[in-house]
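Asks: Numbering (the working numbering), first residue to last: 68 to 533. Here it is, the structure in full.
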C-alpha cells in the first residue's frame, strides 16, 4: 500500500474502535508508526472527509467507478453513504479530487504561432451593456485573424445560426477575404454532434462556410487556450470598449463597436507584433482566400397565419399586413434588417426588423385605415354656401341660432331657395340679414313681398293711374 492508503487504513481501524496494538498487528506496523500517524494533524480536506466518514481509498474507488465524472461520484456518495451533497459540498468534493491527485493536471499549452492567412478564430461571449435606460445581456461575437490579430466585433440580442451567418458574412467583408480554417469552440450553433476532432458540423453551417471559402474546426473540450487570440480579446472589449459608453439600441451599439475596432483595437500597436494589427494585415491580406463574386444571401423563411388584428408574429414581435388577409396564411422572409411578407408569391408588406425588442409592433398605416363613417343625411349646407356668399353667411348664422345641429332650419331654408326665384330670394335674404331676422316664416313673407313686387309691379304710381 502507498503511504496515503496506510494512513487511511490506520484511521479507519481507529474509527472502528480497534486499539493501537491491534492496528499494529493487523497492518504489520510498529506501534510508534501507528502513534505518529494518529497524532499527525489532518489536512483541511482530510478533516472534512473524516468528519463525513469518507476515506481516501473509497474516494479513489468511487472516482474510478465513475470514470472520472465527479457528478457521478456525488451520486455514489448519496447512495452508499447517505450523504446529501449540496452545491457548496460539491465544490468541496472537487477539491478533494484535486488534492488526492485523482485527475491528471493539464499540460502547459505553450505558444501557438501562425503564418499569414493560416487561421482565423471565432467565438462569442455574453456582455452586460446599457441600451437606453435598460441594462441587458448581449451576445458579443468576435472574429480575429490569428497572424495579424485584426479584429471584427458585433453584438446581437441572441446568437443563433441566423446571426452566425450574418456575422461571418460581415466579418468576411470587413477582412476582404478569409483564412482556410476558422477555429471555434464546441458550440451547438455550429456543431450537429460530437466535439473536438470528432465534431460534425451542422450541414447548413458547413455549406455556408464552403460558400465563403473556409471550413470550421473545433478545438478539444476543455482547451479554450487553443483559440486564445479571440479569448483574450473579450477581456479587452469588456475593459476598454464597454466602460463609460451608453447606446440607444443595437444599431448604435454595433456602429460604435465597428468604429472602436477601426480606431482603437486595430490601430494601436501590439508589443507581440511590433506593429499595429492594421500594419500586419497589409502583410496578411495577399494570402487570404478571396470572397466569391456572388455572396450568399442571409434569410429565413417561415409561414404565419394573420390574426384577427391584422398582424403576424415573428420573434415575439408583430408586423402588420393588409386587413384583407386576416385569417390567411402568408410567407415571411426574415432578413438581417428587414422582414418581407408575401402572399401567394406577391409582396404585400415590408417592415424594418425589430431587433432587441419584445412584444413590439410595426404598423404600416396603409394596412389598417381608420374607417370613416359616411353620413346618411343629404348635403344641406353645401348648396347654400356654394350658391352665394351672403346666403352662406346667413345659413351659418341661422345654424348657430337653431336648436341642435340646425338641420331642420337649414332644410327649410334650402326648400325656400328651391321654391322661389333666385333674385327675390337673395334680395329677401339680404334684407333679413341686414335687420337680423332669422325667423324663416318672416323670411318667407319677405320673399313673397319681393315676388309680388317683381311680378305685379305693386307701387303707388300704378294705383293712381288706375
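Backbone N, C-alpha and C fix where the C-beta goes; we use that ideal spot for every residue, glycine too.
Of the choices 434, 435, 418, 433, whose alpha-carbon is the least far from that of residue 427?
Replies: It is 418 whose Cα lies nearest to the Cα of residue 427.
Asks: Consult DSSP for residue 401 and reduce its assignment to one of helix, strand or coil.
Replies: Here residue 401 sits in strand by DSSP.
Asks: Would you check if the distance between the CB atom of residue 496 and the CB atom of residue 457 is smaller than 8 Å?
Replies: Closer than 8 Å, so yes.
Asks: Which residues mark the beginning and the end of the beta strand (DSSP E) in which residue 186 is found?
Replies: Per DSSP, residue 186 belongs to no beta strand (DSSP E) and is neither H nor E.
Asks: For the pair the region 502-519 and the region 470-489, tell me if three or more CB-CB distances fall below 8 Å.
Replies: The region 502-519 vs the region 470-489: in contact.
Asks: Which two residues bound the contiguous beta strand (DSSP E) that contains residue 463?
Replies: Unbroken run through residue 463 is the alpha helix (DSSP H), 456-468; no beta strand (DSSP E).
Asks: Beta-carbon within less than 6 Å of residue 385's beta-carbon, same chain only, minus the 5 sequence neighbours each way: which residues are those?
Replies: Same-chain partners within the cutoff: 378, 428.
Asks: For the alpha helix (DSSP H) holding residue 348, just list the boundary residues, first then last.
Replies: It spans 344-351 - the alpha helix (DSSP H) in which residue 348 sits, taken as one unbroken run.
Asks: Could you pull the start and end residues of the beta strand (DSSP E) that residue 580 belongs to?
Replies: One cannot answer for residue 580 here, as it falls past the ends of the chain, which runs 68 to 533.
Asks: Using only the alpha-carbon positions, how far apart do residue 370 and residue 422 sit?
Replies: Those two C-alpha atoms are separated by around 20 Å.
Asks: Looking only at C-alpha atoms, which of 216, 279, 440 sits nearest to residue 348?
Replies: Answer by Cα proximity: 216.
Asks: Per DSSP, what are the beta-bridge partners of residue 384 in this structure?
Replies: According to DSSP, residue 384 bridges with 381.
Asks: Run through DSSP, which three-state label would residue 291 get?
Replies: Looking at residue 291 - three-state DSSP - the assignment turns out to be helix.
Asks: Closest to residue 200 by CA distance: which of 315, 376, 490, 184 is it?
Replies: That would be 315, whose Cα lies nearest to the Cα of residue 200.
Asks: Compute the Euclidean distance between the alpha carbons of residue 80 and residue 136, then round it to the nearest angstrom.
Replies: Those two C-alpha atoms are separated by around 29 Å.
Asks: Within its chain, find whatever has a CB closer than 7 Å to the CB of residue 124; leave out the 5 residues flanking it on each side and keep chain order.
Replies: Result list for residue 124: 72, 75, in chain order.
Asks: Could you name the residues of the same chain whose beta carbon sits closer than 8 Å to that of residue 245, not counting the 5 residues immediately before and after it, in chain order?
Replies: So the list reads 187, 239, 279, 280, 281, 355, 356, 358, once near-sequence residues are dropped.
Asks: Residue 502 lies in the alpha helix (DSSP H); which residues open and close that run?
Replies: Its alpha helix (DSSP H) spans residues 489-502.
Asks: Taking Cβ positions, are residue 365 and residue 236 nearer each other than 8 Å?
Replies: Going by C-beta atoms, residue 365 is nearer than 8 Å to residue 236.
Asks: When you compare only the Cα positions, how much space is there between residue 459 and residue 402?
Replies: Distance between the alpha carbons of residue 459 and residue 402 is about 58 Å.
Asks: On the DSSP bridge assignment, give the partners of residue 60 in chain order.
Replies: As displayed, the chain neither begins before 68 nor continues past 533, which places residue 60 out of reach and without an answer.
Asks: Taking 8 Å as the cut-off, decide whether the C-beta atoms of residue 242 and residue 257 are in contact.
Replies: Their beta carbons are not under 8 Å apart, which means residue 242 does not touch residue 257 by this criterion.
Asks: Between which two residues does the alpha helix (DSSP H) containing residue 241 stretch?
Replies: Note, residue 241: alpha helix (DSSP H), 228-242.
Asks: Given that a residue counts as buried once 16 or more other Cβ atoms are within 10 Å of its Cβ, and exposed if not, what is residue 277?
Replies: By the 10 Å Cβ count, residue 277 comes out exposed.
Asks: Suppose contacts are defined by Cβ-Cβ distances below 8 Å. Is residue 194 in contact with residue 305 by that definition?
Replies: Contact: yes.
Asks: Output yes or no for whether 8 Å exceeds the beta carbon distance between residue 380 and residue 425.
Replies: In this structure, residue 425 does not lie closer than 8 Å to residue 380 by Cβ.
Asks: Within 10 angstroms of the Cβ of residue 202, are there 16 or more other Cβ atoms? Answer buried if so, exposed if not.
Replies: By the 10 Å Cβ count, residue 202 comes out exposed.
Asks: Three-state secondary structure (DSSP) at residue 246?
Replies: Reduced to three states, the DSSP call for residue 246 is coil.
Asks: Buried or exposed for residue 300, please, with buried defined as at least 16 other CB atoms from any protein chain shown within 10 angstroms of its CB.
Replies: Label assigned to residue 300: buried.
Asks: With DSSP as the reference, label residue 409 as helix, strand or coil.
Replies: Here residue 409 sits in strand by DSSP.
Asks: Could you tell me which of 467, 493, 462 sits nearest to residue 479, measuring between CA atoms?
Replies: Comparing Cα-Cα distances from residue 479 to each of 467, 493, 462, the minimum goes to 462.
Asks: What is the DSSP secondary structure of residue 428, counted as helix, strand or coil?
Replies: It is a strand residue.
Asks: Would you tell me roughly how many angstroms separate the C-alpha atoms of residue 198 and residue 317, rounded to the nearest one?
Replies: When rounded, the distance between both Cα atoms is 8 Å.
Asks: Quick check: does the Cβ of residue 169 come within less than 7 Å of any heavy atom belonging to the ligand MN?
Replies: The ligand MN is absent from the structure shown, which contains no ligands of any kind.
Asks: By Cβ distance, which residues of its chain are closer than 7 Å to residue 91, with the 5 residues on each side in sequence left out?
Replies: Cβ within range, chain order: 97, 98, 101.
Asks: In terms of residue numbering, what span does the beta strand (DSSP E) encompassing residue 203 cover?
Replies: Segment 201-212, the beta strand (DSSP E) holding residue 203.
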